[in-house]
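**Q** First the structure, which I've put down as structure tokens, then a few questions once you've had a look.
In my numbering, the protein residues as written are 1348 to 1703.
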């Protein structure tokens, strides 16, 4: 206990230098935390955009089919019951129409199975409970609102029709033409040419295998919706190799060097401790006390303040990675007392006084 108190007194005797060190370390630690946060969220954001674009979506068609309706649409919609499937459905019919509110503009009314709405509009969770969805361009140009109606006239007819719109979305659809369409779910689907299935992240291969058997005895062809994917292909690999994971190691190494240089400049003081009988374990305790007050505490405070400031934007994945970076930094700095004890050795005050 007396050794720890001596370490406290040593820090207090150099309070202003210790304070300046502490503030600098706290600021740098907070900045390192922010760098790791920015790098991790960048990867997560890219991955999210890739998922929205359709990285986990599979297009299923009858093998050798060149057009027409070839698959049971109800069977396609039922793929939602398969483990690892997020959504599934099919387009039944597409009609080109003129909107009553703007007769010169062409839009589309698309009849789909109920599950297809989630495939088409992945960014808007409201479509999971909807039976009719107006795309972003329809909402913007015609002022259609949720709970309103979309009045239209088919291109080859004079009679007008209306659709009660459950969701007027402002979110971009997975396929661009859907933005200029009103999509309605039909209760008794027939057959379709293409079945679209979105797998949960990490389940796309298993879902693709299940799809091969799902439509038996019909032989099907399963291909990814995005065959030329320019975004990151595997977020797990990207997160594992991110550059920011080296920031706490480099920062920790730099802090260790700074601490050791500080102790080396005071080697005469530590030699006196040795001369008065301070043992190696007691020396490590002394150095640990100084390290805790001058470096560990500022690291905890700086990182914690950064965490509180960024808390609203930290996802569970980011939180786990930041905790790992934070632990790496503390672990690296925790080696300092033992390294310091080795550096200072068992040199006497007389040797130091001679300039050794």
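Just so you know, even glycine gets a beta-carbon here, dropped at the ideal spot from N, CA and C.
Here the structure is a predicted model, which is why all the values come from computation and not from measurement.
1. Quick check: residue 1661 and residue 1384, are their CB atoms within less than 8 Å of each other?
2. For the beta strand (DSSP E) that residue 1450 lies in, which residues bound it at each end?
3. Determine the burial state of residue 1492: buried for a count of at least 16 other Cβ atoms within 10 Å of its Cβ, exposed for fewer.
4. List, from N- to C-terminal side, the beta strand (DSSP E) runs of 3 residues or more that fit wholly inside the region 1517-1569.
5. Which residues in the same chain have their Cβ closer than 8 Å to the Cβ of residue 1502, if we skip the five residues on either side of it in sequence?
6. Check each candidate in 1636, 1447, 1430, 1593 and name the one with the smallest Cα separation from residue 1548.
7. What span of residues does the alpha helix (DSSP H) with residue 1614 cover, start to end?
8. Starting from the C-beta of residue 1407, find all residues in its chain whose C-beta is less than 6 Å away, skip the five residues before and the five after it, and write them out in chain order.
9. Does residue 1493 come out as helix, strand or coil in the three-state DSSP assignment?
10. If you draw a straight line from the C-alpha of residue 1499 to the C-alpha of residue 1400, how long is it?
11. Tell me whether residue 1557 counts as near the ligand MG, meaning its Cβ is closer than 7 Å to at least one heavy atom of that ligand.
12. According to DSSP, is residue 1468 part of a helix, a strand, or is it coil?
13. Cutting at 7 Å between CB atoms, please list the residues of its own chain near residue 1555, excluding the five before and the five after it.
14. For residue 1701, which residues from the same chain have a beta carbon less than 7 Å from its beta carbon, with the 5 sequence-adjacent residues on both sides left out?
15. Could you tell me if residue 1667 is buried or exposed, where buried requires 16 or more neighbouring beta carbons within 10 angstroms of its beta carbon?
16. Residue 1369 and residue 1607: beta carbons closer than 8 Å?
17. In the DSSP assignment, find the unbroken beta strand (DSSP E) run with residue 1433 in it and report its ends.
18. Assess contact between the region 1423-1440 and the region 1585-1599, defined as three or more Cβ pairs (one per stretch) separated by less than 8 Å. Is contact present?
19. Do residue 1466 and residue 1439 count as a contact pair if the criterion is CB distance below 8 Å?
20. Measure the alpha-carbon distance for residue 1417 versus residue 1539 and round it to whole angstroms.
21. Contact check, residue 1386 vs residue 1590 under 8 Å by CB: the rounded distance?
22. Given residue 1374, which residues of its chain have a CB within under 7 Å of its CB, disregarding the five upstream and five downstream residues?
**A** Taking the geometry as given:
1. As a position in the chain shown, residue 1661 is number 314, starting the count at 1. As a position in the chain shown, residue 1384 is number 37, starting the count at 1. Closer than 8 Å, so yes.
2. Here residue 1450 refers to the residue found at position 103 when the chain shown is read from its first residue. Taken as a continuous stretch (DSSP letters only), the beta strand (DSSP E) holding residue 1450 covers 1449-1459.
3. Looking up residue 1492 in the chain shown gives position 145. Classification of residue 1492: exposed, given that the 10 Å Cβ count is below 16.
4. 1528-1532, 1541-1546
5. In the chain shown, the residue the question calls residue 1502 occupies position 155. Cβ within range, chain order: 1442, 1443, 1444, 1445, 1453.
6. What you label residue 1548 is simply residue 201 of the chain shown in a count that begins at 1. Closest option to residue 1548, Cα to Cα, is 1430.
7. Indexing the chain shown from 1 puts residue 1614 at position 267. Looking at the DSSP string, the run of the alpha helix (DSSP H) that includes residue 1614 is 1614-1622.
8. In the chain shown, the residue the question calls residue 1407 occupies position 60. If we look at residue 1407 and ignore the five residues flanking it on each side, its Cβ neighbours are 1542, 1558, 1567, 1569.
9. Start at 1 with the first residue of the chain shown, and residue 1493 comes out as number 146. Residue state, collapsed to three classes: coil.
10. Numbered from 1 along the chain shown, position 152 holds the residue referred to as residue 1499. Numbered from 1 along the chain shown, position 53 holds the residue referred to as residue 1400. If I take the Cα positions, the gap works out to 29 Å.
11. The ligand MG is not among the ligands present in this structure, which contains no ligands whatsoever.
12. For this step, residue 1468 is matched to residue 121 along the chain shown. It is coil, neither helix nor strand.
13. Translated into positions along the chain shown, residue 1555 becomes position 208. Counting only Cβ-Cβ distances below 7 Å, and skipping sequence neighbours, we find 1405, 1569.
14. Counted from its first residue, the chain shown places residue 1701 at position 354. In this predicted model, residue 1701 has a pLDDT of only 48, less than 50, meaning its place in the structure is not dependable; the value taken from the coordinates is given anyway. Same-chain partners within the cutoff: there are none.
15. Here residue 1667 is taken as the residue at index 320 of the chain shown, counted from 1. Classification for residue 1667: exposed.
16. Reading the chain shown from its first residue, position 22 is the one you call residue 1369. Reading the chain shown from its first residue, position 260 is the one you call residue 1607. No.
17. Numbered from 1 along the chain shown, position 86 holds the residue referred to as residue 1433. Its beta strand (DSSP E) spans residues 1432-1446.
18. no
19. Here residue 1439 is taken as the residue at index 92 of the chain shown, counted from 1. Here residue 1466 is taken as the residue at index 119 of the chain shown, counted from 1. It is not a contact, given that the beta carbons lie outside the stated cut-off.
20. What you label residue 1417 is simply residue 70 of the chain shown in a count that begins at 1. What you label residue 1539 is simply residue 192 of the chain shown in a count that begins at 1. Approximately 6 Å between the Cα atoms of the pair.
21. If you number the chain shown from 1, residue 1386 lands on position 39. If you number the chain shown from 1, residue 1590 lands on position 243. Between residue 1386 and residue 1590 the beta-carbon gap is near 7 Å, inside 8 Å, which marks them as a contact.
22. Within the chain shown, the letter at position 27 stands for residue 1374. Within the same chain, residue 1374 has close Cβ partners 1649.
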